[in-house]
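Numbering (the UniProt record's numbering), first residue to last: 1 to 123.
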């Protein structure tokens, strides 16, 4: 069984960054500005925008995920001092604790329906 940490590192966190990049671009920031703000390369920004990175998990289908990444993007645009990594990890932990990724985890790893690891770990 792949661990929740593997799931988060491989699929969830890149997916959250993709949504954040898309939100920042939608708000008019240039790719180079987004790269500077997030501390990633311009080519990574381009890959997020072109759905070549962080696209295996369709997080935008979860309304509350879009809302949380919208709020984070708005905070960044407003110039608020936010820890982007902390915010992304907090969102990821929240999603895992509420078992919102269990179906995806089952689809790639066949975990048992009775699995209750994430709510216990990510309280």
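Think of the CB as a built atom: it goes at the ideal place given N, C-alpha and C, for glycine as much as any other residue.
Within the chosen definition, does the segment 11 to 25 reach the segment 40 to 50 through at least 3 CB pairs nearer than 8 Å?
-> The way I'd put it, the segment 11 to 25 does touch the segment 40 to 50; three or more beta-carbon pairs between them come closer than 8 Å.
9 Å Cβ cutoff met for residue 96 and residue 62 = As a working mapping, residue 96 is identified with position 96 in the chain shown. As a working mapping, residue 62 is identified with position 62 in the chain shown. Between residue 96 and residue 62, the gap from beta carbon to beta carbon reaches 9 Å or more.
State yes or no: is the C-beta of residue 88 within less than 9 Å of the C-beta of residue 24?
-> Within the chain shown, residue 88 is the residue found at index 88, counting from 1. Within the chain shown, residue 24 is the residue found at index 24, counting from 1. Contact flag unset, no.
Residue 121 beta carbon less than 9 Å from that of residue 4 | The sequence position of residue 4 within the chain shown is 4, counting from 1. The sequence position of residue 121 within the chain shown is 121, counting from 1. Yes. Within cutoff.
Among 98, 7 and 106, which one has its Cα closest to the Cα of residue 123?
-> In the chain shown, residue 123 corresponds to position 123, counting from 1. With distances taken between Cα atoms, residue 123 lies closest to 98.
When 70, 2, 103 and 112 are compared against residue 57, the one with the closest alpha-carbon | The residue you call residue 57 lines up with position 57 of the chain shown. Comparing Cα positions, the closest option is 103.
Excluding the 5 residues preceding and the 5 following residue 27 in the sequence, name in chain order all residues of the same chain whose CB lies nearer than 7 Å to its CB.
-> Taking the chain shown and counting its residues from 1, the one referred to as residue 27 is at position 27. Excluding positions up to five away in sequence, the list reads 73 and 77.
Unbroken stretches of the alpha helix (DSSP H), 4 residues or longer, contained in the segment 37 to 106 | Taking only runs of at least 4 residues, the alpha helix (DSSP H) segments lying wholly in the segment 37 to 106 are 42 to 49, 63 to 77 and 84 to 97.
Could you round the C-beta distance between residue 65 and residue 75 to whole angstroms and report it? I think they count as a contact, below 8 Å.
-> Numbered from its first residue, the chain shown carries residue 65 at position 65. Numbered from its first residue, the chain shown carries residue 75 at position 75. At roughly 16 Å, the Cβ-Cβ gap does not stay under 8 Å, so residue 65 and residue 75 are not in contact.
Between the beta-carbon of residue 84 and the beta-carbon of residue 39, is there less than 9 Å?
-> Here residue 84 corresponds to residue number 84 of the chain shown, with the count starting at 1. Here residue 39 corresponds to residue number 39 of the chain shown, with the count starting at 1. Yes, they are a contact pair.
Please confirm whether residue 108 and residue 12 have their CB atoms less than 9 Å apart.
-> Here residue 108 refers to the residue found at position 108 of the chain shown. Here residue 12 refers to the residue found at position 12 of the chain shown. No, the pair does not count as a contact, with Cβ atoms beyond the cut-off.
From residue 115 to residue 30, what does the alpha carbon distance come to, in whole angstroms?
-> Position 115 of the chain shown, counted from the start, is the residue given in the question as residue 115. Position 30 of the chain shown, counted from the start, is the residue given in the question as residue 30. Looking at the two C-alpha atoms, the distance is approximately 42 Å.
Going along the chain, which residues of its own chain have a beta-carbon closer than 7 Å to the beta-carbon of residue 119, five neighbours each way excluded?
-> In the chain shown, counting from the first residue as 1, residue 119 sits at position 119. 97 and 99, listed in sequence order.
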